[in-house]
Amino acid sequence: MEGKVWKFGNDIDTDVILPGRYLIYNDEENLSKHCMEGLDEDFDKKAQKGDIIVGGTNFGCGSSREHAPMAIKGLGISAVVAESFARIFYRNACNIGVPLVEAPGISKKVSEGEKINIDLEKGIIKIASGEEIEFKKLPPFMLNILNNGGLIPWIKNNPDL
Amino acid sequence: MSMTMSEKILARASGKDKVEAGEIVMANINIAMVHDLTGPLAVKGFKEIGTEKVWDKEKIVVPFDHQVPADSIDSANNHILMRKFVKEQNITNFYDVNQGVCHQVLPELGHVRPGEVIVGADSHTCTYGALGTFATGIGSTDMAMVFATGKLWFKVPETIRYEINGDLKENTSAKDVILNIIGTVGADGSTYKACEFVGQTISDFDMSDRMVLSNMAIEMGGKVGLCEADKKTDEYLKGRTDKPYKGFISDKDANYETIEFDVSDLEPQLACPHNVDNVKPVSEVSKPVDQVFLGSCTNGRIEDMRDAAKILKGNKVADGTRMLVIPASKEVYSKCLDEGLIKIFVDAGALVTNPCCGPCLGGHVGLIGPDEVSLSTSNRNFKGRQGSPEGEVYLSSAKVAAASAIKGEISLPE
Ligand code: SF4
């Protein structure tokens, strides 16, 4: 996948990704209108389908609200790359089929607006300068869930757990 | 065969003799909790899976707490949806708008037992670790899987043991201990890890103090925040559950990292905007406050109400400052009434509301506006957490909150 980069800092928490007052919504479309509203009110208008979010350390810390990755998915963001992720966010995103890439050092190497290319199977990000950054591939168990399109399709394909 | 407490619990839950950090296991879940805000999405996921009946109608607990009573048509609709689901599935443990905050209600009503595995569609589910329970927050899709199968996959976490010793000073409390730890190790200082809280200070702590520590394990990225079950745990559970349970403790030669803290000289602590690990001693901060919030699953228990009432008795909340008191549950509220604490709060000029999450997550009552400052006994001070992203949230103990309400600015309890 290839997309334009939107950069965010360290400790991007679920309250800025999707503020608590919008938890009343249960669908991606309504949630996506408030994606990143805690930091940038117009993010939903600026971001385009296929764009990639690049964050610092501890991305997605805070609450267990799945509404946060849903808002990101609803905007059509194709992947989130960060130095590191908070645990619940990481699982939630994978469960709804949003690819997350943990790539230490990434935020210093890419700038906002540049195009990067991610190869999930090979574990390589190609940045605008042409440099290739390797990242640790997802554990096979999680890659499998992602390749099934998320946890629910995975359960349906694995009826006898 | 040495194992940590988490490894032992996950081994038991997945039917194995031994598991090791890093391994992925499929664990049987003892209790699953969803509330009014995260429930609807879990139900949606459950319906998508297509299983007709939940795996066990007695093991699902549904408390309403985040938006109670409903404050909008949308939240009323969420409540209707959840009530319908509870009825359809004959879920036995349903607590409507009058019972209180999930993480207070579950232990109080006997749904939390040592050695078991609890998942909740709420990040502060780790609170139950105070009773020696492997309890962690999950998202709604994970919960849909639990509803359908009673199982969930876990990566067995590595363990950090926080060994805490020393007697606390009179004006400090468990909240200061955990803020001090988070300030030291950072907001990602325990990411993916099982945190264990051990040592003399923890043995001396009662259940309420231990819950404060376990509750905030997630604020340093922890998967669970465990205390060893002991006599105090048994005492707490007496009359709350009649099911047998068995606690576990880590073997001495198990694989874990230890971080030591001596809290004998600890001063009252404050988490400053906009991160929980931005911690400073209260004595170094001077700041007028618009709103003081006493409550939440961190510090809305009877012990916190007593701490605050002792300071507020005969005093008034400062002009220009408003104070919101929200007992965490019906049980806490009722005890406050019996002990005359509500009168103390009301006479001091505070506003007392029904048990609920209140302004803690900025989705219900008591939101703050732009440039307003909130001092809160809850667990998160992220930008916009309690309302406007231009507002500021500071976190403290109940004692600091009460003293600050009287002065109208952040102050040390005497
Ligand atoms: S009191 Fe706050 S932290 Fe606790 S469950 Fe409610 S919203 Fe979450």
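Protein chains in written order, with my numbering: chain D, -9 to 151; chain S, 392 to 805. All C-beta atoms, glycine included, are put in the ideal place defined by N, C-alpha and C.
Item to complete: Give, in chain order, every residue of the stretch 7 to 30 of chain D whose Cβ lies closer than 7 Å to some Cβ of chain S.
Response: Residues passing the 7 Å Cβ filter: Pro9, Gly10, Arg11, Leu13, Ile14, Asn16, Gly28.
Item to complete: Quick one: grab the DSSP three-state call for Ala719 of chain S.
Response: As a position in the second sequence, residue 719 of chain S is number 328, starting the count at 1. Look at Ala719 of chain S here: in three-state DSSP terms it is coil, with no helix or strand label.
Practice prompt. Consider the C-beta atom of Asn770 of chain S and the heavy atoms of ligand 1; say whether any pair is separated by less than 7 Å.
Written response: In the second sequence, the residue the question calls residue 770 of chain S occupies position 379. Within the cutoff, so yes.
Item to complete: Taking only the alpha-carbon atoms, compute the straight-line gap between Lys49 of chain D and Ala467 of chain S and give it to the nearest angstrom.
Response: Counting from 1 along the first sequence, the entry for residue 49 of chain D is found at position 59. Counting from 1 along the second sequence, the entry for residue 467 of chain S is found at position 76. Residue identity check: residue 49 of chain D is Phe in the sequence provided, not Lys. Each residue's CA atom was taken as its position, placing Phe49 of chain D and Ala467 of chain S some 32 Å apart.
Discussion item. On the criterion of 16 or more Cβ atoms from any shown chain inside 10 Å, does Gln682 of chain S qualify as buried, or is it exposed?
Written reply: Taking the first residue of the second sequence as position 1, residue 682 of chain S is located at position 291. Buried, since its Cβ has 16 or more Cβ neighbours within 10 Å.
Worksheet item: Should Ala37 of chain D be flagged as near chain S, meaning a C-beta pair shorter than 8 Å?
Response: As a working note, residue 37 of chain D is residue 47 in the first sequence. At a cut-off of 8 Å between C-beta atoms, Ala37 of chain D does not count as an interface residue with respect to chain S.
Practice prompt. Could you tell me the boundaries of the alpha helix (DSSP H) in which Thr592 of chain S lies?
Written response: Translated into the one-based positions of the second sequence, residue 592 of chain S becomes position 201. Element bounds for Thr592 of chain S: 591 to 595.
Discussion item. Using only CA atoms, which one of S:Gln480, S:Asn646, S:Met473, S:Ser463 lies nearest to Ser393 of chain S?
Written reply: Position 2 of the second sequence holds residue 393 of chain S. Closest option to Ser393 of chain S, Cα to Cα, is S:Asn646.
Worksheet entry | Start-to-end residues for the alpha helix (DSSP H) that takes in Ile96 of chain D | Taking the first residue of the first sequence as 1, we reach residue 96 of chain D at position 106. Counting along the chain, the alpha helix (DSSP H) containing Ile96 of chain D begins and ends at 96 to 99.
Worksheet item: Is it right to say Asn770 of chain S is buried, meaning 16 or more other beta carbons lie within 10 angstroms of its own, or is it exposed?
Response: The count along the second sequence starts at 1 and reaches residue 770 of chain S at position 379. Per the 10 Å Cβ criterion, buried.
Discussion item. So with CB distances below 8 Å, who are the chain D contacts of Glu439 of chain S?
Written reply: Start at 1 with the first residue of the second sequence, and residue 439 of chain S comes out as number 48. Correct list: Ile142.
Worksheet item: Smallest Cα separation from Lys678 of chain S: which of S:Glu414, S:Ile801, S:Phe476?
Response: The residue given as residue 678 of chain S occupies position 287 in the second sequence. The option with the nearest alpha carbon to Lys678 of chain S is S:Ile801.
Discussion item. Against Leu151 of chain D, what residues of chain S qualify as contacts under a CB-to-CB distance less than 7 Å, listed in chain order?
Written reply: One-based indexing of the first sequence puts residue 151 of chain D at position 161. Those are Met417, Thr540, Lys542, listed as they occur along chain S.
Worksheet item: If you follow the beta strand (DSSP E) that Arg601 of chain S is part of, which residue opens it and which one closes it?
Response: Translated into positions along the second sequence, residue 601 of chain S becomes position 210. First-last for Arg601 of chain S: 598 to 606, but that is the alpha helix (DSSP H), not the beta strand (DSSP E).
Worksheet item: Would you report the Cα separation of Gly775 of chain S and Ala793 of chain S, rounded to the nearest angstrom?
Response: The residue given as residue 775 of chain S occupies position 384 in the second sequence. The residue given as residue 793 of chain S occupies position 402 in the second sequence. Rounded to the nearest angstrom, the two C-alpha atoms are 23 Å apart.
Worksheet item: Taking the C-alpha atoms as reference points, what is the distance between Pro454 of chain S and Asn745 of chain S?
Response: Here residue 454 of chain S refers to the residue found at position 63 when the second sequence is read from its first residue. Here residue 745 of chain S refers to the residue found at position 354 when the second sequence is read from its first residue. Rounded to the nearest angstrom, the two C-alpha atoms are 14 Å apart.
Practice prompt. Give a yes or no on whether 8 Å exceeds the smallest Cβ distance from Lys86 of chain D to chain S.
Written response: The residue given as residue 86 of chain D occupies position 96 in the first sequence. Note that residue 86 of chain D is Ile in the sequence shown, not Lys. At least one C-beta of chain S is nearer than 8 Å to the C-beta of Ile86 of chain D.
Worksheet item: For the stretch 736 to 747 of chain S, which residues have a beta carbon sitting closer than 9 Å to at least one beta carbon of chain D?
Response: Of all residues in the stretch 736 to 747 of chain S, none comes within less than 9 Å of chain D when Cβ atoms are compared.
Discussion item. Please tell me whether Tyr519 of chain S has its Cβ less than 8 Å away from any Cβ of chain D.
Written reply: Translated into positions along the second sequence, residue 519 of chain S becomes position 128. Not an interface residue.
Item to complete: For Arg552 of chain S, write down the residues that DSSP places opposite it in a beta bridge.
Response: As a working note, residue 552 of chain S is residue 161 in the second sequence. The partner list for Arg552 of chain S (beta bridge, DSSP) reads S:Glu587, S:Thr649.
Worksheet entry | Residues, ordered as in the chain, of the stretch 499 to 519 of chain S that lie near chain D by beta-carbon distance below 9 Å | Sequence-ordered contacts of the stretch 499 to 519 of chain S with chain D read Gly511, Ala512, Asp513, Ser514, His515, Thr516 [C-beta pairs closer than 9 Å].
Discussion item. With a threshold of 8 Å, are at least 3 pairs of Cβ atoms found where one atom belongs to the stretch 466 to 483 of chain S and the other to the stretch 756 to 770 of chain S?
Written reply: No: fewer than three Cβ pairs fall under 8 Å.
Worksheet item: chain S partners of Asn82 of chain D, CB-CB under 9 Å?
Response: Walking along the first sequence from the start, residue 82 of chain D turns up at place 92. The contact set of Asn82 of chain D on chain S, defined by CB atoms closer than 9 Å, consists of Ile529, Gly530, Ser531, Thr532, Asp533 in chain order.
Practice prompt. Would you give the residue range spanned by the beta strand (DSSP E) that Glu(-8) of chain D belongs to?
Written response: Indexing the first sequence from 1 puts residue -8 of chain D at position 2. Element bounds for Glu(-8) of chain D: -8 to -3.
Worksheet item: Cβ-heavy atom distance between Cys751 of chain S and ligand 1 below 7 Å?
Response: For the purposes of this step, residue 751 of chain S is taken as the residue at position 360 of the second sequence. Relative to the non-hydrogen atoms of ligand 1, the Cβ of Cys751 of chain S comes within a distance shorter than 7 Å of at least one.
Worksheet item: Name the residues in the stretch 460 to 474 of chain S whose C-beta lies less than 7 Å from a C-beta of chain D; which are they?
Response: So the list reads Ser463, Asp465, Ser466, Asn469, given in the order they occur along the chain.
Worksheet entry | the stretch 19 to 33 of chain D touching the stretch 552 to 568 of chain S, judged by at least three CB pairs closer than 8 Å | Counting Cβ pairs under 8 Å, fewer than three are found: no touch.
Discussion item. What does the alpha-carbon distance come out to for the pair Met585 of chain S and Ala526 of chain S?
Written reply: Position 194 of the second sequence, counted from the first residue, corresponds to residue 585 of chain S. Position 135 of the second sequence, counted from the first residue, corresponds to residue 526 of chain S. It is worth fixing the name first, because residue 585 of chain S is Ala in this sequence and not Met. Ala585 of chain S and Ala526 of chain S: Cα-Cα distance of roughly 10 Å.
Practice prompt. Count the C-beta pairs between the stretch 479 to 488 of chain S and the stretch 543 to 558 of chain S that are closer than 8 Å, then say yes if the count reaches three, no if not.
Written response: The stretch 479 to 488 of chain S vs the stretch 543 to 558 of chain S: no contact.
Worksheet item: In chain order, which continuous runs of the alpha helix (DSSP H) of length 4 or greater are located wholly inside the stretch 465 to 553 of chain S?
Response: Taken in chain order, the complete alpha helix (DSSP H) segments of 4 or more residues contained in the stretch 465 to 553 of chain S are 493 to 499, 531 to 540.
Discussion item. Does Leu810 of chain S pass the burial test, meaning 16 or more other C-beta atoms within 10 Å, or should it be called exposed?
Written reply: This structure leaves residue 810 of chain S out entirely; chain S is present only between 392 and 805.
Fill in: Ser97 of chain D beta carbon near ligand 1 (any heavy atom closer than 7 Å)
The count along the first sequence starts at 1 and reaches residue 97 of chain D at position 107. Because no heavy atom of ligand 1 lies under 7 Å away, the Cβ of Ser97 of chain D does not count as near it: no.
Worksheet entry | 7 Å CB neighbourhood of Leu65 of chain D in its chain, flanking five on each side removed | In the first sequence, residue 65 of chain D corresponds to position 75, counting from 1. The answer, listed in chain order, is Ser22, Cys25, Asp34, Ala37.
Practice prompt. In angstroms with no decimal places, state the Cα-to-Cα distance between Lys112 of chain D and Gly413 of chain S.
Written response: Residue mapping note: residue 112 of chain D aligns to position 122 of the first sequence, counting from 1. Residue mapping note: residue 413 of chain S aligns to position 22 of the second sequence, counting from 1. If I take the Cα positions, the gap works out to 22 Å.
Worksheet entry | Three-state secondary structure assigned by DSSP to Pro460 of chain S | Looking up residue 460 of chain S in the second sequence gives position 69. Under the three-state reduction of DSSP output, Pro460 of chain S falls in the coil class, being neither helix nor strand.
Practice prompt. Counting only runs of 4+ residues fully inside the stretch 40 to 81 of chain D, write out the alpha helix (DSSP H) ranges in chain order.
Written response: As far as the stretch 40 to 81 of chain D is concerned, its whole alpha helix (DSSP H) runs of at least 4 residues are 57 to 64.
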